[in-house]
Amino acid sequence: MLSMLVLFFFAGFVVYVVAQWNVYLDASDLIVPFVFFFGAIFALLTSSLAVQTARDLLRISTLEQENITDPLMEIHNRRHFDRRLTEEMNRAHRYASPLALFMIDIDHFKKVNDAYGHDAGDQVLKKIGAPFTGSCTSN
495 MLSMLVLFFF
505 AGFVVYVVAQ
515 WNVYLDASDL
525 IVPFVFFFGA
535 IFALLTSSLA
545 VQTARDLLRI
555 STLEQENITD
565 PLMEIHNRRH
575 FDRRLTEEMN
585 RAHRYASPLA
595 LFMIDIDHFK
605 KVNDAYGHDA
615 GDQVLKKIGA
625 PFTGSCTSN
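When you read off a place in the sequence shown, starting at 1, and then add 494, the result is the number in the working numbering.
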């Protein structure tokens, strides 16, 4: 839409200049072409800033998601856990309601990595995290 506006302003400027090319122009006659020209510049700058802002917002959203997601298991990481735990503790305190916490610990996981290699250990972690990502498969 903004591109069409820019084209409209530039076309208006060009049409006016061509129509008045051989005609003597007074200073007041130059108001119309300047309005079209600077309108086009304004629309061009506005559209380029809007596109850049949209790209920046998408990049920020992606970085925020990467910041709280474990890349291997594709589930929320410790950083997200710490933030949410603080929020939930404050909520429980505010409403005087109980708070429960469920944690899973994988005992002797180092032995899996040592015996079968880190690739196998990664596969085990992915299988453990799969129910929490919605990508649980039956392989």
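Note that CB positions come from ideal geometry on N, CA and C, so glycine has one too. Nothing here was measured: the structure is a model prediction, and the numbers come from that model.
When Cβ pairs closer than 8 Å are counted between the two stretches, the region 543-560 is seen not to touch the region 606-625, the count staying below three. In the DSSP assignment, asparagine 584 falls within the unbroken alpha helix (DSSP H) covering 572-589. A straight-line Cα-Cα distance of about 10 Å links leucine 557 and threonine 563. Taking one beta carbon from each stretch, the region 567-579 and the region 523-539 have fewer than 3 pairs nearer than 8 Å; the two do not touch. Between leucine 499 and leucine 566, the C-beta gap is not smaller than 8 Å, which leaves the two residues out of contact. Setting aside the 5 residues that flank it on each side, histidine 574 is surrounded in the same chain by Ile562, each with a C-beta closer than 6 Å to its C-beta; the list follows chain order. Your pair phenylalanine 531 and phenylalanine 507 checks out as a contact, with CB atoms roughly 5 Å apart and the cut at 8 Å.
A distance of 8 Å or more separates the beta carbons of proline 527 and valine 517. Excluding residues up to 5 positions away in sequence, Leu496 lie with their Cβ nearer than 6 Å to the Cβ of serine 541 in the same chain. No Cβ-Cβ contact shorter than 8 Å links phenylalanine 603 with glycine 611.
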